[in-house]
Amino acid sequence: MGVGEKLCKHEVGLNEDIMLQQCAGEENWVDSRTVYIGHKVPPPGTEAYIPQRYPDNRIVSSKYTFWNFIPKNLFEQFRRIANFYFLIIFLVQLIIDTPTSPITSGLPLFFVITVTAIKQGYEDWLRHKADNAINQCPVHVVQHGKVVRKQSRKLQVGDVVLVKEDETFPCDLILLSTSRDDGTCFVTTASLDGESSHKTYYAVQDTKAFNTEEEVDTIQATIECEQPQPDLYKFVGRINIYLDRDEPIARPLGSENLLLRGATLKNTEYIYAVAIYTGMETKMALNYQSKSQKRSAVEKSMNAYLIVYLCILISKALINTVFKYVWQADPNRDEPWYNQKTETERQRHILIRAFTDFLAFMVLFNYIIPVSMYVTVEMQKFLGSYFISWDDEMFDEELGEGALVNTSDLNEELGQVEYVFTDKTGTLTENNMEFIECCVDGHVYVPHAICNGQIMSGASSIDMIDSSPSAEGKEHEELFFRALCLCHTVQVKEEETVDGIKRGIHQGKATSFYISSSPDEVALVEGMKRLGFTYLRLKDSHMEILNREDEIERFELLEVLNFDSVRRRMSVIVRSNSGELYLFCKGADSSIFPRVISGKVDQVRARVEHNAVEGLRTLCVAYKKLSREEYEQVCHLLSSAKLALQDRDKKLAEAYDVIERDFILLGATAVEDRLQDKAADTIESLHKAGMKVWVLTGDKMETAAATCYASKLFRRNTQILELTTKRTEEQSLHDVLFDLSRTVLRQHGSMTRDTFSGLSSDFQDYGLIIDGATLSAVMKPAQEGSSTGGNYKEIFLEICRNCSAVLCCRMAPLQKAQIVKLIKASKEHPITLAIGDGANDVSMILEAHVGIGIMGKEGRQAARNSDYAIPKFKHLKKMLLVHGHYYYIRISELVQYFFYKNVCFIFPQFLYQFFCGFSQQPLYDTAYLTLYNISFTSLPILLYSLIEQHINMDILKRDPTLYRDIAKNSLLQWPIFVYWTFLGVFDAVVFFFGAFFLFDNTTFTSNGQMFGNWTFGTLVFTVLVFTVTLKLALDTHYWTWINHFVIWGSLLFYVIFSLLWGGIIWPFLNYQRMYYVFMQMLASGPAWLSIILLIMVSLLPDVVKKVLCRALWPTTTERIQNADKLYKGHLSEFTPLSSLHAPPVHGRGRNEGQNHTHRRSDSSPPKKVMYTHWGGGPNYCTFRSFLPFGENPRLSGVGYAYTAPGPETSV
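Here the working numbering = 1-based position in the sequence shown + 243.
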């Protein structure tokens, strides 16, 4: 049985009350629904016919319709602070007489709203397209004894549906009959719960014989069942079948009769089933956690900065309004002889005049709030997301697919991740089981492709398969192999086409291959086949085995005691040809050993423990012979439990407990679920980058822990802390939590792990293991009046914070989401990322700040609901360490630069009011006001934010610790924001007063003409455009021809536009104030000089600051940039980068007091091949390192020493 199924059955079995609280809506259904099969009215007099209305089978995942798109989208956009603010400003400009035209704020706003609406409309159109593809796919329905084709959306509750092999179920169905005689069918639920294995479902006993359309059409029955609820594993109902008798036959219905929408029919030719839940009422639709709008940390910072700038704007407007009335207190200034006021102006109340003036100043200065920043950010995110899709290194040959971006709003969040929550099966591992070995009575057998057995060294008394020590040993060995061939739920298929490739056809002969609900079972049966015992088929309730002598043995299958995750074992009762009755049982060691009364327990236990430490999944096998009387007793126990309608599960569990005891131990098996390629390397890199990795799985603790060791989540020296049901049974939860808390805090004092590099071995590494049941107890809200309850969450979080890795096993899907939510809400508010491949991971993916789906074997549900989808777990490394790093660096520069250039733009306007009597006179022309943010300065920063690479991509991949430099939103902190703002104010003061003092002598032109206010404004604006563009050029590290084209092209465009704007008399303008202004300014020599001088003075402080910081206090990033320049961009081809890290602070690293260029003793050899650059040509010559082991290679002529890496990097 698969992990997902075990997981939820475990939850239902152990914690039904918890599941009731968790599954929203589950306890809310009050009434049941009655479904009339084939819409047939029941016979008169049996029951009242009440037709009910149900939704059709339409699935809707889109957000807008054709009719509501414009109002709904506008409403959502104007909920943004900046958009709403600009709308108000635009309306103010329309209503009152303001210094600037309404077009100046209306045009940018219209542009922003339109671009965003087009982007969101396009994304929603894609969702509509996907919905239509699903809703219009054809479905076969039985009507009046014939099969008709319908569109899926037209399916009604009560319709009888025909589904053929490999088709997907169109809605939730109750199985009536199948093409198989025993009334079973096989289904894969990969798109629902992540299980790719085959599960068996059962038809209703009384209808399984109806195998044709005509027969099915004669069924007269009603189904009573619960109202729709989201739990995939729970279903309660009953079917009333009306045969010739008046009294209907009632049969119970359970989840084994319910086929869920999204699951696929396998290994069964066709089935007939009746629709009971359709459309948005299907369990699959109810399990969609509504997608809330995720917002990145950068967007939150932007909004905070926006509020600061709004305060600056209001204070500027207030200051100017107050000064205006102070200045106009003198009547000569208030009403000069050449500008008399009208009567209405004189009579207006002073407060109304002051308010109007305040609004006018607000409009004049409103450009300090950069509306175009939002559209630039939108475009940067949308276009930038293509770099992930285009990345060839994230393309998977096997799948033929690369990474997908489902939402582009969170790109920069990939550079801020602090916690990674990952699923295990199919995410860290391949979900591909391989049989490794088995141990019978202490003898170890290893299957081999060539011979049937192989001697292994290092185990006690190991034999070839064909030679066993004694007759009894031989008998046990054969019993063991037979037990594994019989104790399973595997089906045999002759051949199958999988993804267009025929499986099972071998050298022209059709060979059988196995399918099962559990990959472990298939691995065991295939392992037995390689050891000489082949399971052939189950036919007429007889299991057939081909033994080593090529003889067919037949065993009658009498009972199957199915696996469940509480018992953690399964059994079969079989009768051999000679009439002997056997009970074979296989299960987890913890559930078999206590029930064994004889056998070589110690040897087998030693081998099981050895294999578990190796990371293998182990199972033990035992048997007992049954007498006739015992068998009859067993039959009676089982049948009475199975017929119970109340507490059926509980009664079955009690019966199983009585039956499965007094075993003779046979042996144990070991199966490996291989780790995905480079999974361990990826986890190690994430650790070095300062992220905490948690594994959340439905698997059992031992297996999950073994995987965690293999994937380097836990190291060999990690001290494991357990918070499990086993431990809380011995001690109270309260005591266990306080014990763990003491253990962890004794080591660390009051400091948390975050203080340390996470790699230093001076500190004990802790790993925590917790299971689902204990987690539920920890999460339980405090009881009224209890002093201890309620603070468990805090203690739990404190323990987790001090652990380098956490493993949560036996998790229900909603518990995974709860854990993510708990960490998100903790006091540090860390950025979380969840990654998984199955539908059981969807709620966790939707809950985390960033959700990543893996396009695995377990369907596409996770990939569809995620923000990003990648083919393999290993691609997460590049996604975070390279793409995430770049996105964050780019967008943080974009945000800071936008605020900076708008301060530079508007502050001179503010200063100008002091020189024009606070008359709201604009300093710049309307065209310049409108186009400054839209065209003169927008393209260079957009391009920078798309292609800037401050550090080479290879270096970022090789040195994950660089990720720590940008952690916790470090580039958008308040000190940096204040620096950029002050830089903008300084530049604005230089522009304004520089031009003002240079213009002190107004006869500035050679012909003695005087300059006017528009020439002054144009001079300031020219210096402004050149300064802010060159500032960006100074910040650019990665130059391409596109950068050159855009940066110099923008400046050229400004000049050409100014010449055209002022050089032609435009007929549509009612004023020509700019006519010939620009040309006249450029005709003046001093103007040229002042432009060049002011640009240099403005840029000087930033250049000086950069040079000093790089020389005296370089960051790790800056060290690497300097070294990369030294090696002409080939730094990444040399030895590792530990030498470039800042020297450790005293007391924090192990290499205290060492200078970073000193030689460090090393346990790893330097890289054997080095590249050097000869002369100026592009020839690279490779030569072997001839230095002694552990020496530092020193590059001649460079004067820069490279240290070989220490065992671990201290940051």
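Built from N, CA and C at the ideal position, the CB exists for glycine as well.
_At a cut-off of 7 Å, would you count residue 1300 as near the ligand GDP, judging by its Cβ distance to the nearest heavy atom?_
The ligand GDP is absent from the structure shown, which contains no ligands of any kind.
*Minimum length 4: unbroken alpha helix (DSSP H) runs contained in the region 756 to 792*: If only uninterrupted alpha helix (DSSP H) runs of at least 4 residues are considered, those enclosed by the region 756 to 792 are 762 to 773.
*Where residue 1406 and residue 686 are concerned, what is the direct C-alpha to C-alpha distance, given to the nearest angstrom?*
At residue 1406, the pLDDT of 39 sits below 50, so the modelled position is not reliable and the matter cannot be decided from this model.
*asked:* Let's test the definition: count the other Cβ atoms within 10 Å of the Cβ of residue 1312 and tell me whether it reaches 16, buried, or not, exposed.
replied: With fewer than 16 other Cβ atoms within 10 Å, it is exposed.
_Spatial distance of residue 1236 from residue 604 (CA atoms)_ = Whole-angstrom Cα-Cα distance: 21 Å.
*Rounded to whole angstroms, how far is the Cβ of residue 516 from the Cβ of residue 398, which I believe are closer than 8 Å?*
Beta-carbon to beta-carbon, residue 516 and residue 398 are separated by about 12 Å, too far to satisfy the 8 Å threshold.
*Flag this pair as yes or no: are the beta carbons of residue 194 and residue 1120 separated by less than 8 Å?*
As shown, the chain starts at 244 and ends at 1454. That puts residue 194 outside it, with no answer to give.
*asked:* What would DSSP say about residue 804, mapped onto helix, strand or coil?
replied: In the structure shown, residue 804 sits in a strand (DSSP, three-state: E or B).
*Just curious, the alpha helix (DSSP H) that residue 1111 is in, first and last residue?*
First-last for residue 1111: 1111 to 1113, but that is the beta strand (DSSP E), not the alpha helix (DSSP H).
*Thinking residue 910 and residue 723 are a contact (beta carbons under 8 Å), I'd like their distance in whole angstroms, please.*
Here residue 910 really is in contact with residue 723; their C-beta atoms are around 5 Å apart, less than 8 Å.
*Quick one: residues in its chain with C-beta nearer than 6 Å to the C-beta of residue 884, no 5 flanking neighbours on either side, listed in chain order?*
Shown here for residue 884: same chain residues with a beta carbon closer than 6 Å to its own, the five before and five after excluded, namely 894, 895, 898 in chain order.
*Can you name the start and end residues of the beta strand (DSSP E) that residue 201 belongs to?*
Not covered by the structure: residue 201. The range shown for the chain is 244 to 1454.
*Only counting runs of 4 or more residues, tell me where the alpha helix (DSSP H) segments fall wholly within the region 847 to 888, in order along the chain.*
Taken in chain order, the unbroken stretches of alpha helix (DSSP H) that lie wholly in the region 847 to 888 and span 4 residues or more are 871 to 886.
*Quick one: give me the first and last residue of the beta strand (DSSP E) that residue 386 is part of.*
Unbroken beta strand (DSSP E) run through residue 386: 381 to 386.
*Does DSSP put residue 1327 in a helix, a strand or coil?*
In the structure shown, the three-state DSSP call for residue 1327 is coil.
*asked:* My assumption, with CB atoms under 8 Å, is that residue 1333 sits in contact with residue 1267. Please give the rounded CB distance.
replied: Residue 1333 to residue 1267, Cβ: 13 Å. No contact.
*Do the region 645 to 655 and the region 874 to 883 make contact, defined as three or more Cβ pairs closer than 8 Å?*
Too few Cβ pairs lie closer than 8 Å, so no.
*Can you list, in chain order, the residues of its chain whose CB lies under 7 Å from that of residue 413, leaving out five sequence neighbours each side?*
Excluding sequence positions up to five before and after residue 413, its CB lies within less than 7 Å of the CB of 300, 382, 395, 398, 404, 504, all in the same chain and listed in chain order.
_Here's the rule I'm using: 16 or more other beta-carbon atoms within 10 Å means buried, otherwise exposed. How should residue 908 be labelled?_
Around the CB of residue 908, 16 or more other CB atoms lie within 10 Å, so the residue is classed as buried.
*On a CA-only basis, which of 1126, 564, 956, 601 is nearest residue 665? Give me that one, please.*
956 is the residue among 1126, 564, 956, 601 whose C-alpha sits nearest the C-alpha of residue 665.
*Keeping to the same chain, check which residues put their C-beta closer than 6 Å to that of residue 1069; ignore five residues upstream and five downstream.*
If we look at residue 1069 and ignore the five residues flanking it on each side, its Cβ neighbours are 1040.
*So, do the region 852 to 869 and the region 914 to 925 have three or more beta carbon pairs nearer to each other than 8 Å?*
Using a C-beta cut-off of 8 Å, the region 852 to 869 makes contact with the region 914 to 925, since at least three inter-stretch Cβ pairs fall below that distance.
_Taking its Cβ as the centre, do 16 or more other Cβ atoms sit within 10 Å of residue 822, making it buried, or is it exposed?_
Taking every protein chain shown into account, the CB of residue 822 has fewer than 16 other CB atoms within 10 angstroms, so this residue is exposed.
*Given residue 831, which residues of its chain have a CB within under 6 Å of its CB, disregarding the five upstream and five downstream residues?*
Only 811 meet the Cβ criterion.
*asked:* As a quick exercise: from 494, 476, 389, pick the residue whose alpha carbon is nearest that of residue 483.
replied: For the residues 494, 476, 389, the minimum Cα distance to residue 483 belongs to 494.
*Whose CA, out of 1012, 790, 782, 372, lies closest to the CA of residue 801?*
Taking only the C-alpha atoms, the option nearest residue 801 is 782.
*How about residue 1124 and residue 1203: are their beta carbons less than 8 Å apart?*
Going by beta carbons, residue 1124 and residue 1203 fall inside the 8 Å limit.
*What is the residue span of the alpha helix (DSSP H) that residue 475 lies within?*
Careful: residue 475 lies outside any alpha helix (DSSP H) and carries neither H nor E.
_Measuring only the C-alpha atoms, how far is residue 1007 from residue 962?_
About 7 Å.
*Determine, using beta carbons only, whether residue 979 and residue 1045 come nearer to each other than 8 Å.*
In this structure, the beta-carbon distance from residue 979 to residue 1045 does not fall below 8 Å.
_Inter-residue spacing [alpha-carbon to alpha-carbon] between residue 1111 and residue 649_ = Each residue's Cα considered, the two are about 6 Å apart.
*On the premise that residue 877 lies in contact with residue 840, defined as a C-beta separation below 8 Å, what is that separation, rounded to the nearest angstrom?*
The pair is not a contact, with the Cβ atoms about 18 Å apart (cut-off 8 Å).
*If you scan the region 337 to 394 from start to end, which runs of the beta strand (DSSP E) of 3 or more residues do you find wholly inside it?*
The DSSP assignment places 381 to 386, 389 to 394 as complete runs of the beta strand (DSSP E) inside the region 337 to 394, in order along the chain (cut-off: 3 residues).
*Could you give the distance in angstroms between the alpha-carbon of residue 1067 and the alpha-carbon of residue 663?*
Roughly 12 Å between the two C-alpha positions.
*By a C-beta neighbour count over all protein chains shown, 10 Å radius and 16 as the cutoff for buried, is residue 709 buried or exposed?*
Reliability fails at residue 709, whose pLDDT of 41 lies under 50, so the model's placement of it is uncertain and no value is given.
_Am I right that residue 1142 and residue 548 are in contact with their C-beta atoms under 8 Å? What's the rounded C-beta distance?_
Right, their Cβ atoms sit about 6 Å apart.
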